[in-house]
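Below is one structure, written out as structure tokens; comments come after it.
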Amino acid sequence: MSKGKVCLAYSGGLDTSVILAWLLEEGYEVIAFLANIGQEEDFEEAERKALAIGATKFVVVDVRKEFVENVCFPAIQANAIYENVYLLGTSLARPVIAQAQIQVAEQEGCFAVSHGCTGKGNDQVRFELSFYALKPDVKVIAPWRDPVFFNRFAGRKDLLEYAASKNIPVAQTKAKPWSTDEKLGPHLV
Numbered sequence: 001m002s003k004g005k006v007c008l009a010y011s012g013g014l015d016t017s018v019i020l021a022w023l024l025e026e027g028y029e030v031i032a033f034l035a036n037i038g039q040e041e042d043f044e045e046a047e048r049k050a051l052a053i054g055a056t057k058f059v060v061v062d063v064r065k066e067f068v069e070n071v072c073f074p075a076i077q078a079n080a081i082y083e084n085v086y087l088l089g090t091s092l093a094r095p096v097i098a099q100a101q102i103q104v105a106e107q108e109g110c111f112a113v114s115h116g117c118t119g120k121g122n123d124q125v126r127f128e129l130s131f132y133a134l135k136p137d138v139k140v141i142a143p144w145r146d147p148v149f150f151n152r153f154a155g156r157k158d159l160l161e162y163a164a165s166k167n168i169p170v171a172q173t174k175a176k177p178w179s180t181d182e183k184l185g186p187h188l189v
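Below, the structure is given as structure tokens:
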């Protein structure tokens, strides 16, 4: 018996692919959600992968127009550069992605949303504050802060071994375990 539907922010990378499989093991039905913010991504491949892992459904939402018009243009006008060095495309994209994810979660009847952000970084805060601002009663499943998940997957090596054991194809290797975040351009805002 399912514990209920969860809308997972899914990239198709190592973390979210393992999280998708883990959520299924934990008894949840998973809707895999991917926001198109202009990244170079094979959306069809991400869909095939999510469905092969066991997602009930895969949903892509195109938020490029909203991201550029409502976020990027104002950021450029404000010269939003952190410490005169760091462009803020990733940070600024998170609330736009979260808004689309909440909309999909509501449309699909999900009681919870989930993400693959680590428990150490600011991304978890950006996503979760956006989730709660948009839907205060939403349940957020943050695997990297869940002791059951965290104790099982202490690092990239454990994720890679689990992915291999479940025949989940990933681009990362033990030699190159990290991926990068792309938007409309690699260094946009």
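Under the UniProt record's numbering, the final residue of the sequence shown carries the number 189; numbering is consecutive throughout.
Positions of the beta carbon are idealized from the N, C-alpha and C atoms, including for glycine.
Note that the stretch 39-58 does not touch the stretch 69-87; fewer than 3 beta-carbon pairs, one per stretch, sit closer than 8 Å. The three-state secondary structure of K57, taken from DSSP, is strand. In this structure, the straight-line span from the alpha carbon of F153 to that of R145 is close to 11 Å. The beta carbon of K139 sits closer than 7 Å to the beta carbons of F111, A112 from its chain, once the five residues preceding and following it are set aside; these are given in chain order.
Annotation for A55: L20, V30, I31, A32 place their beta carbon closer than 7 Å to its own, counting only its chain and skipping 5 residues before and after. For L92, the enclosing alpha helix (DSSP H) starts and ends at 89-107. If you draw a straight line from the Cα of F67 to the Cα of L88, it is about 12 Å long.
In the structure shown, F33 adopts extended strand secondary structure according to DSSP, grouped into three states.
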